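A short write-up of the structure that comes next.
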Amino acid sequence: MKRNLGLALSTAAIGSLLGTAAMAEDARLYVFSSGALTLGKGILQNLAPTDPPIQIPVGFYVIKHPKGNVLFDTGNNDRIISDPGYWGNAFQALKPVNTPEVAIDTQLRKIGLTPDDIKYVVVSHLHLDHGGNVGKFPNSTLIVQKDEIQNAFWPQPGTGGPYMIGDVMPLRAPNGNYPNAVKMVQLDGDYDIFGDGTMVVKRWVAHTPGSQMMTVKLKNSGTIILTGDNVYFRENVEKNIPPNIVLAYKPDGYYSAYEWIRHVMATQKAEYFTAHDPDAFKALKKPPEYYD
Ligand SMILES: [Zn+2]
């Protein structure tokens, strides 16, 4: 009897192992841009020229996974398509591409999804070009560091500029016993989304008080690290170049992030995708193509 039970358990264990492997095989990563921004490279990169301005992508990513689809970052708020005044002075300064086809629901449709098909929304941070559309996913679960959501609503001195209060207001319940209007996982650390190691959110305080990165394990492509703005350009990691200090909440956090990315790449098949590197972004596969 005991032996049979042991056998049954080990069969179940093998089954779940096989199941885990099959899930990793099935995950697909899609690369998108929420329009583009125009700015001097020196605004982002230490000692880089600010003239002539460059145009940078505003990357966001979708991972299709058998247990549910995951969105990493949400781009610029689509409201600027019809209401450019929503960004105030930032609209003039950053000249975002705001044509109708950059809207996040229009882009998700390219891979057969609607906002309601997204189970989890992970935000690298809540600046206007990453958390812009968090309000468009009322039926998804938001995964965010507690420090970040607090800073988006009530920024520490000197950190408030890139947050748009209107972006995060839909997350707040108008009244009642609970402060949040949507399902939310508020973290103070890392989080393995499906418990199978396919997608792991990494708390990494650098760019903002609650920045997070995410690893995505894919069968053929290996591990892809989605960096958010802890890395702007590939050369930051390759040459250990710090960002402009103006947008660096915790400067040593960047160096440890660069070092960790280099370590992961040296010890396993791995790559990193940033949000704003124009050349690197151009070279990535775009929908309907994907990484698997
Ligand atoms: Zn950004």
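For what it's worth, our numbering labels the leading residue of the sequence shown as 1, then goes sequentially. For every residue, glycine included, the Cβ atom is placed at its ideal position computed from N, Cα and C. Values in this document were obtained by computation on a predicted structure and should not be read as measured data.
Asked: I need the straight-line Cα distance from Asp-188 to Pro-157, nearest angstrom please.; Found: 21 Å
Asked: Look up Tyr-290 in the DSSP assignment and say whether it is helix, strand or coil.; Found: coil
Asked: I need the straight-line Cα distance from Leu-142 to Asn-76, nearest angstrom please.; Found: 17 Å
Asked: Among the candidates Asp-78, Pro-96 and Val-31, whose CA atom is the shortest distance from the CA of Ile-54?; Found: Pro-96
Asked: Classify Leu-7 as buried or exposed, calling it buried when 16 or more other Cβ atoms lie within 10 Å of its own Cβ.; Found: Confidence at Leu-7 is low in this model, with a pLDDT of 43, below 50, so its placement is unreliable and no value can be given for it.
Asked: Report whether the distance from the Cβ of Asp-129 to the nearest heavy atom of ligand 1 is below 7 Å.; Found: yes
Asked: How would you call Thr-208, buried or exposed, if buried means at least 16 neighbouring beta carbons within 10 angstroms?; Found: buried
Asked: Hey, would you say Ser-256 sits closer than 8 Å to Gly-228, going by beta carbons?; Found: no
Asked: What's the C-alpha gap between Thr-20 and Tyr-30?; Found: Note that Thr-20 scores a pLDDT of 46, beneath 50, so its modelled location is shaky; the value from the coordinates is reported in the next line. Taking the straight line from one Cα to the other gives about 21 Å.
Asked: For the region 37 to 121, list the alpha helix (DSSP H) runs that are entirely contained and at least 4 residues long, ordered along the chain.; Found: 41 to 44, 79 to 82, 89 to 94 and 104 to 109
Asked: How would you write the range of the beta strand (DSSP E) that Ile-143 sits in, first residue to last?; Found: 141 to 145
Asked: Between the alpha carbons of Lys-285 and Pro-115, how many angstroms are there, rounded?; Found: 22 Å
Asked: Quick one: is Arg-109 buried, meaning 16 or more other Cβ sit within 10 Å of its Cβ, or exposed?; Found: exposed
Asked: Take Lys-282 and list the residues in its own chain whose beta-carbon comes closer than 6 Å to its own, dropping the five residues that flank it on each side.; Found: none
Asked: How far does the alpha helix (DSSP H) with Phe-137 in it reach, from first residue to last?; Found: Run containing Phe-137: none; DSSP gives neither H nor E here.
Asked: Apart from the five residues on each side of it in sequence, which residues of its chain come closer than 6 Å, Cβ to Cβ, to Lys-64?; Found: Arg-28
Asked: Can you give the beta carbon distance from Pro-170 to Gly-197, rounded, assuming they're within the 8 Å contact cut?; Found: Not a contact, Cβ separation roughly 32 Å.
Asked: Taking only heavy atoms of ligand 1 into account, decide whether any of them is closer than 7 Å to the Cβ of Ala-275.; Found: yes
Asked: Suppose only complete runs of 3+ residues qualify. What are the beta strand (DSSP E) ranges in the region 200 to 234, listed by chain order?; Found: 212 to 218 and 222 to 226
Asked: Using 8 Å as the Cβ pair cut-off and three pairs as the minimum, do the region 99 to 109 and the region 169 to 186 touch?; Found: no
Asked: Can you find the residues in the same chain that come closer than 6 Å, C-beta to C-beta, to Arg-79, ignoring five residues on each side of it along the sequence?; Found: Tyr-86
Asked: Take Ser-221 and list the residues in its own chain whose beta-carbon comes closer than 6 Å to its own, dropping the five residues that flank it on each side.; Found: Tyr-291
Asked: What is the DSSP secondary structure of Ser-34, counted as helix, strand or coil?; Found: strand
Asked: Grab the span of the alpha helix (DSSP H) containing Ala-266 for me, first residue to last.; Found: 251 to 267
Asked: Are the beta-carbon atoms belonging to Leu-226 and Phe-273 less than 8 Å from one another?; Found: yes
Asked: Return the CA-CA distance between Tyr-254 and Val-231, expressed in angstroms with no decimal places.; Found: 8 Å
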